[in-house]
Amino acid sequence: MESRIQFRVDESVKKLAQAAAERRGITLSDACRDLAISLAEEQKRMDAHDSWLTDEINKAYEKMLLGKTEFYSSDSAEQIMALRKKRVKAKQLISN
Numbered sequence: 098m099e100s101r102i103q104f105r106v107d108e109s110v111k112k113l114a115q116a117a118a119e120r121r122g123i124t125l126s127d128a129c130r131d132l133a134i135s136l137a138e139e140q141k142r143m144d145a146h147d148s149w150l151t152d153e154i155n156k157a158y159e160k161m162l163l164g165k166t167e168f169y170s171s172d173s174a175e176q177i178m179a180l181r182k183k184r185v186k187a188k189q190l191i192s193n
């Protein structure tokens, strides 16, 4: 079902926007519709990401509550990451 969006702008803004839309070969209504669709698609992507992130956080908390987590000091974490980076770079050198 389609819905109607209505808003007010200064007459000068409307005329300039119409001229810009006409230059692109579309109507001002089409330009507004395209913007609304683009904003809706962006919001869908953000909602999907938020949902994914919430799921990942909940999984991490669940893992922590079950005692299936390990905590590292900052120094240990840096050493582990340095080793992982070194391994990745070594693999890249081998494949090239």
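Every letter in the sequence shown is one number past the one before it in the working numbering, and letter 22, counting from 1, is 119.
All C-beta atoms in this analysis are idealised placements derived from N, C-alpha and C, irrespective of residue type, glycine included.
Cβ neighbours of residue i in the same chain (closer than 7 angstroms, five flanking residues each side left out)
i	result
Thr124	Ala118
Element boundaries [alpha helix (DSSP H), containing residue i]
i	result
Thr151	125–162
Glu108	108–120
Where residue i sits in the DSSP three-state scheme
i	result
Lys182	helix
Ser192	helix
Glu167	coil
Gln103	coil
Same chain, Cβ closer than 8 angstroms to residue i, neighbours up to 5 away in sequence not counted
i	result
Phe104	none
Asp172	none
Spatial neighbours of residue i in its chain, beta-carbon cut-off 6 angstroms, leaving aside the 5 residues before and after
i	result
Ala114	Leu125
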